[in-house]
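Participant:
Protein chains: 2
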Amino acid sequence: MKAQSKVSMKISQLAKVTNVASKTIRYYEDIGLLPAAYRNDNGYREYGNNDIERLVFIRRCRELQIPLEQIKTLIVVQVDPKSSCQEVDALIEQQLDKVRKTIAELTLLEQTLHTLATSCPNDKVGDCQILKNLQQEKPS
Amino acid sequence: MKAQSKVSMKISQLAKVTNVASKTIRYYEDIGLLPAAYRNDNGYREYGNNDIERLVFIRRCRELQIPLEQIKTLIVVQVDPKSSCQEVDALIEQQLDKVRKTIAELTLLEQTLHTLATSCPNDKVGDCQILKNLQQEKPS
DNA sequence: ATAAACCTTCCAGTAACAGTAAGGTCAACG
DNA sequence: CGTTGACCTTACTGTTACTGGAAGGTTTAT
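Quick note, the sequences are listed as chains G and Y, same order.
Numbered according to numbering that gives the first Met the number 0, the first sequence spans residues 0 to 139.
Numbered according to numbering that gives the first Met the number 0, the second sequence spans residues 0 to 139.
(1) Roughly how many angstroms separate the alpha carbons of V75 (chain G) and A35 (chain G), rounded to a whole number?
(2) Please name the residue, chosen from Y:I51, Y:A103, Y:G42, Y:K81, that lies closest to L133 (chain G) on a Cα-to-Cα basis.
(3) If the cut is a Cβ gap below 9 Å, which residues of chain Y does K123 (chain G) touch?
(4) Quick check on D126 (chain G) - is its C-beta less than 9 Å from some C-beta in chain Y?
(5) Using alpha carbons as the reference points, say which of Y:M8, Y:S83, Y:R99 lies closest to G125 (chain G).
(6) Given Q63 (chain G), which residues of its chain have a CB within under 7 Å of its CB, disregarding the five upstream and five downstream residues?
(7) Assign K22 (chain Y) to one of three DSSP states: helix, strand, or coil.
(8) Answer with yes or no whether the minimum CB distance from V19 (chain Y) to chain G is below 9 Å.
(9) Taking the C-alpha atoms as reference points, what is the distance between K1 (chain Y) and K22 (chain Y)?
(10) Can you have a look at V78 (chain Y) and say buried or exposed, based on whether 16 or more other CB atoms are within 10 angstroms of its CB?
(11) Just by C-beta distance, which residues in the segment 41–56 of chain Y are closer than 7 Å to chain G?
(12) Distance, Cα to Cα, A14 (chain Y) vs I129 (chain G)?
(13) Indicate whether V87 (chain Y) and C60 (chain G) have their beta-carbon atoms separated by less than 9 Å.
(14) For my contact list, A116 (chain Y) and E92 (chain G) are in at a C-beta cut-off of 8 Å; report their separation, rounded to the angstrom.
(15) Answer with buried or exposed for I30 (chain G), where buried requires no fewer than 16 other C-beta atoms within 10 angstroms of its C-beta.
(16) Taking N49 (chain Y) as the reference, which of Y:A89, Y:K81, Y:T111, Y:Y37 has the closest Cα?
(17) Would you give the residue range spanned by the alpha helix (DSSP H) that C60 (chain G) belongs to?
(18) Is any beta-carbon of chain G found at less than 9 Å from that of Q69 (chain Y)?
(19) Cutting at 7 Å between CB atoms, please list the residues of its own chain near P80 (chain Y), excluding the five before and the five after it.
(20) Taking the CB atoms as reference points, tell me whether G108 (chain G) and V19 (chain Y) lie closer together than 9 Å.
(21) Name, going along the chain, the residues of the segment 87–104 of chain Y whose beta-carbon falls closer than 7 Å to a beta-carbon of chain G.
(22) Are the CB atoms of I102 (chain G) and T114 (chain Y) within a distance shorter than 9 Å?
(23) Using a Cβ cut-off of 9 Å (strictly closer), state whether L63 (chain Y) contacts chain G.
(24) Let's test the definition: count the other Cβ atoms within 10 Å of the Cβ of T17 (chain Y) and tell me whether it reaches 16, buried, or not, exposed.
(25) Do we get a CB-CB distance below 9 Å when we pair Q12 (chain Y) with the residues of chain G?
(26) To which residues of the same chain is V6 (chain Y) closer than 7 Å at the C-beta, ignoring the five residues directly before and after it?
(27) For a contact defined as C-beta to C-beta under 7 Å, what are the partners of T111 (chain G) on chain Y?
(28) Please identify the residue among Y:K100, Y:Q135, Y:E104, Y:A89 whose C-alpha is closest to the C-alpha of D122 (chain G).
(29) Quick one: using the 10 Å Cβ neighbour count with 16 as the cut-off for buried, is T72 (chain Y) buried or exposed?
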């Protein structure tokens with residue numbers, strides 16, 4: 000069992016250790032992704048260890064481009080010990096699908112752009128093959 | 000010399016032939032990407048051949064994910080016959096760069112997601128490897 | 001005392017539209 | 001002649017995930 004060390008820090012400290020901007024932390028609180036922070040006497044937000052963990056979790060999910068709304072549901076599942084992690088599996092799988100589809104699309108796009116980029120040997124706009132190509136329907 | 004056939008159509012017709020939503024066409028006019036359309040007696044917008052070409056050009060650029068602001072500059076270059084097409088070249092090249100960078104990023108992301116997706120053989124949240132992984136810093 | 005470096009809330013802006021409301025117009029049908 | 005349906009108009013809001021800035025309070029150091 001880990002000792003529950005009682006760290007306490009202000010928002011910019013939390014921002015530094017989690018690598019999430021203060022502004023973003025407040026935003027997450029606004030939209031209910033983070034619980035309302037404890038406030039000390041002067042009204043400043045105070046944070047502890049749990050907040051670090053929660054924020055790191057969120058940041059990791061964001062790095063995987065998981066939308067905030069889905070992170071919300073992940074957190075709900077996470078804190079409920081009797082829920083199955085099928086939902087988590089599904090969400091990650093779905094995210095993977097999305098990323099793969101995007102890669103496929105962008106790869107086609109890369110082809111098109113490359114073809115286009117190498118299509119114009121001229122330097123006057125009147126003769127520009129790029130512009131001419133862009134004026135026509137896709138030859139797909 | 001091409002005959003300047005005098006077609007005339009309303010916005011939904013233009014939308015159909017160019018495959019750009021009426022709403023989007025109005026939006027393009029609002030932001031100055033399209034010139035203010037001619038209005039007939041009842042105040043409806045009327046369009047001709049030039050508008051088709053211009054819109055197809057814009058759509059093609061959008062398919063290449065070129066931002067509207069850059070399309071604006073492309074159009075300026077396009078209509079000025081004495082400008083060089085270096086700017087066009089550069090823009091396409093730049094777009095290609097961006098796409099390639101995004102592909103690279105997404106490919107890494109795909110790896111991470113794939114590893115994550117196959118990391119959890121359990122079905123209770125308490126043991127879920129996916130969640131555990133997400134709670135930690137990236138092991139990069 | 002004052003300046004720097006924090007903190008607070010609130011409002012606006014980003015990109016590229018899509019949705020909706022409220023209302024005007026036009027052609028056809030009965 | 002009335003009305004229905006399919007258009008058209010403007011204007012406003014919502015989307016996603018923040019970021020920037022204004023205006024003001026607090027704390028710390030000099």
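Quick reminder that beta carbons are idealized off the backbone N, C-alpha and C, glycines included.
Since the model is a prediction, treat every value here as computed from it, not as a measurement.
Facilitator: Checking against the coordinates, here is how it stands:
(1) 16 Å
(2) Y:I51
(3) P80, K81, S82, S83, C84
(4) yes
(5) Y:S83
(6) The residue you asked about is not Gln; residue 63 (chain G) is Leu in the sequence shown. Contacts found: Q94.
(7) helix
(8) no
(9) Note that K1 (chain Y) scores 49 on pLDDT, short of 50, meaning its location in the model is unreliable and no value can be drawn from it.
(10) exposed
(11) E52, V55, F56
(12) 24 Å
(13) no
(14) 6 Å
(15) exposed
(16) Y:Y37
(17) 48–62
(18) no
(19) none
(20) A small fix is needed here, since residue 108 (chain G) is Leu in this sequence, not Gly. Cβ atoms of L108 (chain G) and V19 (chain Y): not closer than 9 Å.
(21) V87, D88, I91, E92, Q94, L95, V98, R99, T101, I102
(22) no
(23) yes
(24) buried
(25) no
(26) G47, N48
(27) L63
(28) Y:A89
(29) exposed
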